[in-house]
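See structure below.
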Amino acid sequence: MRQAWRVIRANHPELIEDVADGKRFVWLGSGISLEQVPDVVELIARVLRFLRDQAASGEADAEHHRTALLEILDEHLPTERARYENDRGNWEPAGLDHLRDKYSRVLGVGVEGKPTDYLLIDGAGLPELYGDPDLGPGPTHRLLAMLISEGVVTHLASGNWDTLVEKALLEISATDSLLDVYVDVDDPRTARGHAEIAKFHGCAGLARTDPDRYRDKIIATTAQISKLHGDNSYAHMTDHLRDLTTRMRSLVLGLSVQDSDLLAIFRSAASRSPWKWESNHPAYLFAEPFVSPSQRDVLEVAYGEDFGRERTSIVRRSAIGAYAGPVVAAILIEVLAAKLGVAIQRHQGLPGGFESQLKLGIRRFVLRVVAAFGGDEGSLADFLLTGYSDFLRTYLGSTAVGEASYLPFARGTTNTLATDISVIGMGIDRLAIAIGLLGFGEDRGRWRAALVDEQKGSRIMVSRTRNATGPTLVVVRGAREAVATMTSDDWVSGHGNMVLLQMELGGVSSTRSPGGRIGRGRGARSRRQLMWDDISDSVHSLEELMVRFETGVAL
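Residues 12 to 566 (the working numbering) are what the sequence shown spells out, left to right.
Right, here's the structure in full:
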């Protein structure tokens, strides 16, 4: 992720702004699920084994299955036919890797007297294979789900049959109300989510649980793909994708765009209202090191005459330079930083000159996160689900945030946060200021902020230097959250000094004086309560504010 973050910051800052403001249409392909779902080679192997077994079954249609099997072997696996003929009952298909890009043709072979999707559904068992409830999402799915939860990715299109994005969002949010799945023409009529994923090649999960409605929506064979453009029963999906492609710039993640139906959609969108080529703001960005030939076809039909004039620049600038997982991770970090910056701007209690300095503090923590998790998207996702969310949960209070394991900083785009009254009402502006102050002080060498435990991000040790010890800081919004912290085990009986920074006014009634000391002798522990308004009142410079903070936490 570290390299993707550098590339995006240097070459595509407009992508960060677009996503943060909800202005990118996200396309998903098999590249985001390679390590989580069975490869299409396994799908082909299942078809071949199915045909082998049915051909040897002795049933009336056995010969029809044998004919279909031989058709596949003769066309795609000629060296396998002899092996099959020598041991028809036990033959095991081999050497299938070269069929990975030809799966749609292999799966399109028909069996006499059977439905056209017979091998796909009954033979390969695609709904059970890709809709298996035991399949679990990977880091990229979780990071995408976080962007959806943040409210900045609201329109997605997926060529994947699996349900891993949906599962990831359900896992992190504890609700199925954030994302609508659109496959059937009637699906949008019952929509209720904040975001929508259009699964233009069908959904294995829905085909497994509701086959009468969704079985015939599974698209995999060459014939199925080729007939979609111009098919009235599919026009609702084509129109939907075309309209979004026309209205929004696209971010393509793990999608090769090899299928003819997709190229037709991009061509149709361009014929209505083509995007002009802007080298500093490409309308189509691919999360790839380089643009592939099939992706280049998209650029050619999308940009029309501009492509002929600017071919080299378009092809070079349309590849982000990194794959989907690292790109999504880098974007998420920058989206959170952008939201923190907007929240700082919303606060009215500090002199205007503080804004840029506090934003520098945010950038300091961005660098820390990239340094810590830049080599592993999985560890970043884990941290956001544990330490980061614990920090927000402690600040906002568990009763305010519910059961979600991932807490969005503030749901909505940067544009909506600029006017959303909940930013002030929930104290999000003050939270952003606290983070900015901690980061700015560290950037200036005044202190070092570090988590006591990565799993518990609400406990921040503030010390003078990297290897020194210092008090543990807990930042909370108001009195209710302060009480919750002051009744926690580590506050009541933990060792070491602790400071509670309360960002909003409100008295706390406690049997223990948070400004005093608890315990006696060598094991004595200091507990302090620090009110933000006390240290920020009538402050004239950030230097003065840092001095007051240092005094308050007893650095």
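Every residue, glycine too, gets a C-beta built ideally from N, C-alpha and C.
In its chain, beyond the 5 residues on either side, Val326 have a beta carbon closer than 8 Å to the beta carbon of Arg307. Taking Thr186 as reference, the option from Glu492, Leu418, Asp198, Gly42 with the minimal CA-CA separation is Leu418. In the DSSP assignment, His251 falls outside any beta strand (DSSP E) and within the unbroken alpha helix (DSSP H) covering 246 to 258. Taking every protein chain shown into account, the CB of Val309 has 16 or more other CB atoms within 10 angstroms, so this residue is buried. Partner residues in a beta bridge of His87, as assigned by DSSP, do not exist. Taking a C-beta distance under 7 Å as the contact criterion, Glu345 and Ile43 do not qualify as a contact pair. The shortest C-alpha to C-alpha distance from Gln356 to any of Arg441, Val18, Ala168, Ala179 is the one to Arg441. For Ala179, the enclosing alpha helix (DSSP H) has its first and last residue at 175 to 184. Thr256 and Leu118 have their C-alpha atoms some 29 Å from each other. In summary, Pro300 is exposed, with fewer than 16 beta-carbon neighbours lying within 10 Å of its beta-carbon over all protein chains present. Take Pro144, set aside five residues on each side of it, and no residue of its chain has a beta-carbon closer than 7 Å to its own. Partner residues in the beta bridge of Tyr193, as assigned by DSSP, are Ala209. Under the three-state reduction of DSSP, Trp543 is assigned to helix. With contact defined as three or more Cβ pairs closer than 8 Å, the stretch 130 to 143 and the stretch 241 to 252 are not in contact.
For Val263 against Phe318, the beta-carbon gap comes to about 17 Å, at or over 8 Å, which does not count as contact. Of the other Cβ atoms in all chains shown, fewer than 16 fall within 10 Å of the Cβ of His506; this residue is therefore exposed.
Listed as beta-bridge partners of Ala168 by DSSP are Trp38, Ala209. Distance from the Cα of Ala313 is smallest, within the candidate group Phe277, Ala348, Thr480, for Phe277. His205 and Leu181 do not touch by the CB rule: their CB atoms are close to 14 Å apart, not below 8 Å. Collapsing the DSSP output to three states places Ile439 in a helix. Per DSSP, the unbroken beta strand (DSSP E) holding Ala461 starts and ends at 459 to 464. Excluding the 5 residues flanking it on each side, Arg116 has same chain C-beta neighbours closer than 6 Å at Thr233, in chain order. Spatial neighbours of Ala445 in its own chain (CB-CB distance under 8 Å, excluding positions within 5 residues in sequence) are listed in chain order as Val486, Leu512, Met514, Trp543. In terms of CA proximity to Ser499, Lys467 leads the group Lys467, Ala421, Thr174, Gly336.
Beyond the five residues adjoining it in sequence on each side, Thr165 comes within less than 8 Å, by CB distance, of Gly33, Ile159, His205, Ala206, Glu207 in the same chain, given in chain order. At a cut-off of 4 residues, the continuous stretches assigned as alpha helix (DSSP H) that sit fully inside the stretch 284 to 323 are 304 to 314.
One Cα belongs to Ala156, the other to Leu428, and the distance between them is close to 20 Å.
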